[in-house]
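Here's the structure we're looking at; comments come further down.
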Amino acid sequence: MPSRNPLPTADVIVEVGNRIVLVRRKHPPAGWAIPGGFVEAGETVEAAAVREAREETGLAVTLTALLGVYSDPARDPRHHTVSTVYIGRADGSPSGGDDAAEARLFSEGDLPSPLAFDHAKILADYFRYKRTGEKPL
């Protein structure tokens with residue numbers, strides 16, 4: 000019988016200059032997303048965030064802060080996931096790879112639509128944090 004426990008994931012909001020990288024998903028659920036994915040057995044959440052960002056964007060990311068943990072059971076329509084979301088920095092131009100059909104840079108005023116999962120909420124928390132210094136609970 001499969002485990003009914005939530006699956007751990009890691010996402011990283013990658014800053015390149017004054018913009019962020021989002022990826023257009025290659026597989027359902029459709030939409031644009033923060034680079035990230037499942038934590039593999041034997042891997043730290045931090046290592047998973049850096050690995051997933053490199054696989055999906057081609058960028059070498061340095062983590063700079065922990066934004067928060069997102070655990071709403073409805074955040075992923077496929078199954079219950081718990082995501083640890085980091086902020087990181089990188090240089091260069093992103094290119095889609097692995098599960099990402101495309102990777103592009105965006106600012107708060109030109110975010111694409113639709114955003115997958117609960118990433119609209121996470122990005123709202125991120126931009127609020129950048130303006131005020133206050134992290135979400």
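Here the sequence shown is numbered in numbering that gives the first Met the number 0, starting from 0 and rising by one per residue.
Glycine residues also receive a C-beta, built at the ideal position from the N, C-alpha and C atoms.
Treat the numbers as computed from the prediction; the structure is a model and nothing was measured.
- With 16 or more other CB atoms across the displayed protein chains lying within 10 angstroms of its CB, residue 51 is buried.
- Between residue 86 and residue 56, the CB-CB gap reaches or exceeds 8 Å.
- Contact between residue 31 and residue 22 holds: their C-beta atoms lie close to 7 Å from each other, under 8 Å.
- The alpha-carbon of residue 26 is positioned some 26 Å away from that of residue 88.
- Going by DSSP, residue 126 is part of the alpha helix (DSSP H) stretching over 118-131.
- When secondary structure is reduced to three states using DSSP, residue 35 falls in the strand class.
- Around the C-beta of residue 28, fewer than 16 other C-beta atoms lie within 10 Å, and the residue is accordingly described as exposed.
- DSSP places residue 87 in the strand class (E or B) of the three-state scheme.
- Less than 8 Å divides the Cβ of residue 18 from the Cβ of residue 105.
- Nearest in C-alpha terms to residue 61, of all of 38, 94, 47 and 103, is 47.
- Residue 93 and residue 83 have their C-alpha atoms some 22 Å from each other.
- Note on geometry: alpha-carbon atoms of residue 9 and residue 16 lie some 22 Å from one another.
- Residue 13 and residue 53 have their C-alpha atoms roughly 10 Å apart.
- Considering only 20, 24, 132 and 118, the residue with the shortest C-alpha distance to residue 81 is 118.
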